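Remarks on the structure that follows.
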Amino acid sequence: PEDLGGTGSELPDEGDYTITATVTDTAGNTSVPSTETGFTIDTTAPGEGTGTGGTDEAPTVVIPEATGGVGEEELTDGVEVLVTPPTGTQPGDTIT
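Heads up: the sequence shown is residues 3 to 98, going by my numbering.
Here's what the structure looks like:
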């Protein structure tokens, strides 16, 4: 068990942890411990280090119908775009 002393400013190492809580009132009475709850610390950014040389991969954007460029008519009528996200991308990730 680790007593955070009310600060909680330092993250523990990555991994799986469990936590319980107690409450002490001003008279010094302490509650029974709460039910144990599990959680995971993961500080790795989504998609981190999956590219060449350990760098992040950028999404791949391909415009299949525009091998010679995008013309004015295509810009007016719309352009199909195929986006392939980086390896390791999870649902809910934001790609910029």
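Glycine included, C-beta positions come from ideal geometry on N, C-alpha and C. Just so you know, these numbers come straight off a predicted model, no measurement behind them.
Excluding sequence positions up to five away, which residues of its chain have a Cβ less than 8 angstroms from the Cβ of S36? T22, A23, T24
Alpha carbon of T32 to alpha carbon of T89, nearest angstrom: 49 angstroms
So E16 and T45 are in contact, right, with Cβ under 8 angstroms, and what is the actual spacing, rounded? 6 angstroms
Under three-state DSSP, which class holds D18? strand
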